[in-house]
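Residues 39 to 258 in the working numbering are what the sequence shown spells out, letter by letter. Glycine included, C-beta positions come from ideal geometry on N, C-alpha and C. Have a look at the structure below before the remarks.
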Amino acid sequence: MPFEKRFIMQYRLDSFKKRAKGPKEQFQERRGLKIAVDIDGVLADQVSAVLQEIEKDYGRKYCKSDINRAHWSADGIEIWAEISRLLADPEYVMRVPPIEGSQKAIKQLCKQDVIVVTARRPNTEEATRRWLREHFPCLTQYYHARTGTKHNIPSDVLIDDLDMNIVEFVRSDPDRRGILFQHPWSLNGTGIEDYGDQVYYCSQWRSVMKAIDDIAGDRN
Ligand SMILES: [Mg+2]
Numbered sequence: 039m040p041f042e043k044r045f046i047m048q049y050r051l052d053s054f055k056k057r058a059k060g061p062k063e064q065f066q067e068r069r070g071l072k073i074a075v076d077i078d079g080v081l082a083d084q085v086s087a088v089l090q091e092i093e094k095d096y097g098r099k100y101c102k103s104d105i106n107r108a109h110w111s112a113d114g115i116e117i118w119a120e121i122s123r124l125l126a127d128p129e130y131v132m133r134v135p136p137i138e139g140s141q142k143a144i145k146q147l148c149k150q151d152v153i154v155v156t157a158r159r160p161n162t163e164e165a166t167r168r169w170l171r172e173h174f175p176c177l178t179q180y181y182h183a184r185t186g187t188k189h190n191i192p193s194d195v196l197i198d199d200l201d202m203n204i205v206e207f208v209r210s211d212p213d214r215r216g217i218l219f220q221h222p223w224s225l226n227g228t229g230i231e232d233y234g235d236q237v238y239y240c241s242q243w244r245s246v247m248k249a250i251d252d253i254a255g256d257r258n
């Protein structure tokens, strides 16, 4: 067979292989990335749960779109103070529902290196680990890191719902990528827009998985 013809056939075969990449190949490409996953706002629908408790305890009804910054407060109610008060109760911890789509996505990601990194206080760790075993049994690596210090965790990617964590993380290493799981409280004027080539904005797990594929593709 003439060289030109052989070359064209090989080229077509390579293009076909690239186009025909199935989920299995995509999964293999994602292997090798170390991915850190936040709990509240990423795996756990913490804000929905806390707003229900606020309604019960104070008779005031707010919705998620009202919570427009990390340190939101209204009528003398501070959301993070309420969250830390409630998380001290293991029964409350177990009542927090998982974020839509998170269980299916984590099941897919789990055969590679996925670690949980949370700013929840150590007094909630036992109940939180029980909650993880119930909803995400494959997640066994657990790190506590205060807000703004998650860049100390050894990982290539951080998925988090607060801009300050993503900014600290990507700023620490130009090869790192951050996925901001975006909620109404996610943006707090931390200059995240300065890191456009390192940050993905996703508001659901389906787009998080696409971002991870994209990151893995860039590294191959
Ligand atoms: Mg969070």
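Extent of the continuous alpha helix (DSSP H) run through residue i
{"i": "aspartate 256", "result": "243-257"}
{"i": "threonine 166", "result": "163-173"}
{"i": "isoleucine 230", "result": "That residue, isoleucine 230, is in no alpha helix (DSSP H); it is neither H nor E in DSSP."}
Those residues which DSSP pairs with residue i across a bridge
{"i": "isoleucine 153", "result": "Ala74 and Gln179"}
8 Å contact criterion, which residue i and residue j should meet: CB distance rounded
{"i": "glycine 216", "j": "leucine 200", "result": "Between leucine 200 and glycine 216 the Cβ distance is about 10 Å, and since that is not below 8 Å, they are no contact."}
{"i": "isoleucine 253", "j": "valine 154", "result": "Not confirmed; about 19 Å, so no contact."}
{"i": "tryptophan 110", "j": "tryptophan 223", "result": "6 Å"}
{"i": "tryptophan 83", "j": "valine 134", "result": "Strictly speaking, residue 83 in this sequence is aspartate, with tryptophan absent from that position. Confirmed, about 7 Å."}
{"i": "isoleucine 230", "j": "valine 246", "result": "Actually they are not in contact, since the Cβ atoms of isoleucine 230 and valine 246 sit about 16 Å apart, beyond 8 Å."}
{"i": "alanine 92", "j": "glutamate 120", "result": "According to the sequence displayed, residue 92 carries isoleucine and not alanine. Contact holds; Cβ gap of about 6 Å."}
{"i": "valine 131", "j": "threonine 162", "result": "6 Å"}
{"i": "cysteine 148", "j": "leucine 177", "result": "7 Å"}
{"i": "glycine 79", "j": "valine 88", "result": "That pair is no contact at about 11 Å."}
{"i": "alanine 108", "j": "asparagine 226", "result": "5 Å"}
{"i": "glutamine 37", "j": "histidine 173", "result": "One cannot answer for residue 37 here, as it falls past the ends of the chain, which runs 39 to 258."}
{"i": "cysteine 240", "j": "phenylalanine 219", "result": "6 Å"}
Distance cut-off 8 Å: residue i Cβ against heavy atoms of ligand 3
{"i": "serine 122", "result": "Only ligand 1 can be found as ligands here, which leaves ligand 3 out of the picture."}
Of all the alpha helix (DSSP H) runs that stay within the bounds of the stretch 100-140, which reach a length of 4 or more residues? Taking 4 residues as the shortest admissible run, the stretch 100-140 contains the following complete alpha helix (DSSP H) segments, listed from N- to C-terminal end: 117-125 and 128-133.
Suppose only complete runs of 3+ residues qualify. What are the beta strand (DSSP E) ranges in the stretch 68-92, listed by chain order? Complete beta strand (DSSP E) runs here, min 3: 72-75.
For the stretch 176-243, which segments carrying the alpha helix (DSSP H) assignment without a break, of at least 4 residues, lie completely within its bounds, in sequence order? Listed in chain order, the complete alpha helix (DSSP H) runs (minimum 4 residues) inside the stretch 176-243 are 201-209.
Using only Cβ atoms and a threshold of 5 Å, which residues come within that distance of a heavy atom of ligand 1? Order them by chain position. Selection around ligand 1 by beta-carbon proximity, strictly under 5 Å to any non-hydrogen atom, yields Asp76, Asp78, Gly79 and Asp199 in chain order.
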